[in-house]
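Engineer:
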Amino acid sequence: MSSTPFLLTGVTGGLGAKILDDMLDKHHVPASDIIATSRSENNRSRFEQKFVQFRVADYDRSDTLVKAFKNIDNLLFMSSSERDNPKRNREHENVIEAAKQAKVKKVWYVSLAFGGFGDTSKIGFQQAHYETEDKLKNSGLDFISLRAGVYADAFPLFLNWYPSTKSVLLPEMTPSVTEGKVAFASRDELGEAMATLLAKGLADFPSIQPRTEKNIILLTGPKAESLVHLVDAINRGRTTNMPVEYLKPADWVEECTKDDEGGKPRAWFEARVIFTQGVCDGDAELLDPAFETLLGRRPETGTETVERLVKEDSGYTWHQNHARLALLSGS
Ligand SMILES: NC(=O)c1ccc[n+]([C@@H]2O[C@H](COP(=O)([O-])OP(=O)(O)OC[C@H]3O[C@@H](n4cnc5c(N)ncnc54)[C@H](OP(=O)(O)O)[C@@H]3O)[C@@H](O)[C@H]2O)c1
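Numbering-wise, this note's numbering puts 460 at position 221 of the sequence shown, and it's gapless, one number per residue.
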């Protein structure tokens, strides 16, 4: 039986959908060369309408993975949106085991950019990415880790911002949140870059050399900016004058938990303090030219993305910010 060039997980989500659309529409990869997956059989028709093959793949159900990954050249392994890290790690282990069993030729893992090319970030969900990368490294599989820049689109999460917010409350950290910077990236541009890489292949970009034994390609934006810069961008985009106020981390958690518009629990805000510490420590500040090389133009900066998003929609929300079900740390 001949193999199919691409199997893409995560294509019902924002990043994966952009990757699939660009592969089809921009790079003209034949639909028959792509298998789309979802945990739900209900998504079959939306892909088959585009003549893209469909298989069910649920990271939590190994049987679906072994079946789905049969006769695949390239597997786009989207990190799970599961927020419980031990569970997420188990799911990712299932994916790696199934890829080994099915003898997938190459795995492209969508990781995250905290730690740059290193493994030093203490942020919980980044630790889960490190663990998955370690498992890939030890699996014998041919793999690349695409460490994706932090989504600028997710700014409501980082600032606990809602369209009704009158002032942004942030934890007082050392170094301060005005100093800690992130090389944010827009989700659509990340999808565009990943689609280009998958469709054209790494050999087309000789300047992009995967680094370390984890074969990392770092896709980070062109400028490192602080959370306060993002607040300035919201103010520019919505022509508001929202100030930033600070509280000691424990008081910040207390205050935010009191009457959070999204009803998020204490554990969510506690995890945000660890996240903000990572931001302030510069865990995601490293710039790398690979993203620009793949796009063929300078990527948007985080503040450009935020200003554009709130100009386009002054009531902009990020889904996880409003999820009352986001009971543990948000990613
Ligand atoms: N770089 C960043 O700043 C950043 C920010 C947030 C998230 N992320 C990570 O990037 C991933 C993609 O981001 P996104 O914005 O596209 O997320 P999204 O819109 O929430 O989509 C998540 C996708 O992952 C699939 N998925 C989730 N858990 C799965 C599982 N257990 N088994 C199989 N498929 C699963 C979902 O497929 P079905 O529901 O159809 O099964 C869906 O297509 C997220 O899952 C998260 O790990 C990165």
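All C-beta atoms in this analysis are idealised placements derived from N, C-alpha and C, irrespective of residue type, glycine included.
Note that the structure is a prediction, hence the values are computed from the model and not measured.
1. Tell me whether Thr243 counts as near ligand 1, meaning its Cβ is closer than 7 Å to at least one heavy atom of that ligand.
2. Would you call the CB atoms of Ser318 and His266 closer than 8 Å?
3. Can you give me the Cβ contacts of Phe356 inside the same chain, cut-off strictly under 6 Å, excluding the 5 residues immediately before and after it?
4. Are at least three pairs of beta-carbons, each pair with one atom in the segment 339–351 and one in the segment 368–380, less than 8 Å apart?
5. Skipping 5 residues on each side, what residues in its chain have a beta carbon closer than 7 Å to that of Ala565?
6. In three-state DSSP terms, what is Arg511?
7. Compare the Cα-Cα distances from Ile335 to each of Leu441, Asp381, Val295 and report the closest residue.
8. Is the separation between the beta-carbon of Thr479 and that of Ala424 shorter than 8 Å?
9. Please report the residue range of the alpha helix (DSSP H) in which Met433 lies.
10. Rounded to whole angstroms, what's the CA-CA distance from Thr544 to Ser241? Just pull it up for me.
11. Please report the residue range of the beta strand (DSSP E) in which Thr276 lies.
12. What do you reckon, is the C-beta of Thr371 under 7 Å from a heavy atom of ligand 1?
13. Would you call Asp520 buried or exposed, if buried means 16 or more other Cβ atoms sit within 10 Å of its Cβ?
14. Determine the extent of the beta strand (DSSP E) in which Thr243 is found, giving its start and end residues.
15. Taking the DSSP output, what are the residues bridged to Glu464?
16. So the beta strand (DSSP E) Asn313 belongs to, where does it begin and stop?
17. Look at the alpha carbon of Ser553 and the alpha carbon of Arg477, and state the distance between them as a whole number of angstroms.
18. For Val346, which residues of its own chain have a beta-carbon under 6 Å away from its beta-carbon, when the five flanking residues on both sides are left out?
19. Within the continuous beta strand (DSSP E) that includes Phe382, where are the two ends?
20. Work out the CA separation of Ile513 and Leu567 for me, nearest whole Å.
21. What do you reckon, is the C-beta of Met317 under 7 Å from a heavy atom of ligand 1?
22. Going by DSSP, what residue range makes up the alpha helix (DSSP H) through Pro395?
23. Report yes if the CB atom of Phe290 is closer than 8 Å to the CB atom of Ile274, and no otherwise.
Structural biologist: In short, the structure shows the following:
1. No, the Cβ of Thr243 stays beyond 7 Å of every heavy atom of ligand 1.
2. No, the Cβ-Cβ distance between Ser318 and His266 is not below 8 Å.
3. Closer than 6 Å at the Cβ level, and outside the excluded window around Phe356, lie Arg450, Thr451, Ile455.
4. The answer is yes - the segment 368–380 touches the segment 339–351, with three or more Cβ pairs under 8 Å.
5. Caution is warranted here: a pLDDT of 46 is assigned to Ala565, below 50, making its placement in the model unreliable, and no coordinate value can be reported.
6. Annotated three-state conformation of Arg511 is helix, per DSSP.
7. The shortest C-alpha separation from Ile335 is found at Asp381.
8. No; because the gap between Cβ atoms is not below 8 Å, this pair is not in contact.
9. From DSSP, the alpha helix (DSSP H) with Met433 extends over 426–439.
10. Straight across, the Cα-Cα distance linking Thr544 with Ser241 is about 42 Å.
11. Note, Thr276: beta strand (DSSP E), 273–277.
12. Every heavy atom of ligand 1 is 7 Å or more from the Cβ of Thr371, so no.
13. For Asp520, the number of other beta carbons within 10 angstroms of its own is at least 16, and it is reported as buried.
14. Taken as a continuous stretch (DSSP letters only), the beta strand (DSSP E) holding Thr243 covers 243–247.
15. The partner list for Glu464 (beta bridge, DSSP) reads Val421.
16. Note, Asn313: beta strand (DSSP E), 311–317.
17. If you take the alpha carbons of Ser553 and Arg477, they lie about 6 Å apart.
18. Cβ-Cβ distances below 6 Å link Val346 to Leu314, Phe316, Ala338, Leu380, Phe382 in the same chain, with the five nearest sequence neighbours on each side left out; the list follows chain order.
19. Where Phe382 is concerned, the enclosing beta strand (DSSP E) stretches over 382–387.
20. Note that Leu567 has pLDDT 41, beneath the 50 cutoff, so the model's placement of it is unreliable and no number is given.
21. Result yes, Cβ under 7 Å from ligand 1.
22. First-last of the alpha helix (DSSP H) with Pro395: 394–398.
23. Contact annotation: Phe290 and Ile274 have beta-carbon atoms that are not nearer than 8 Å.
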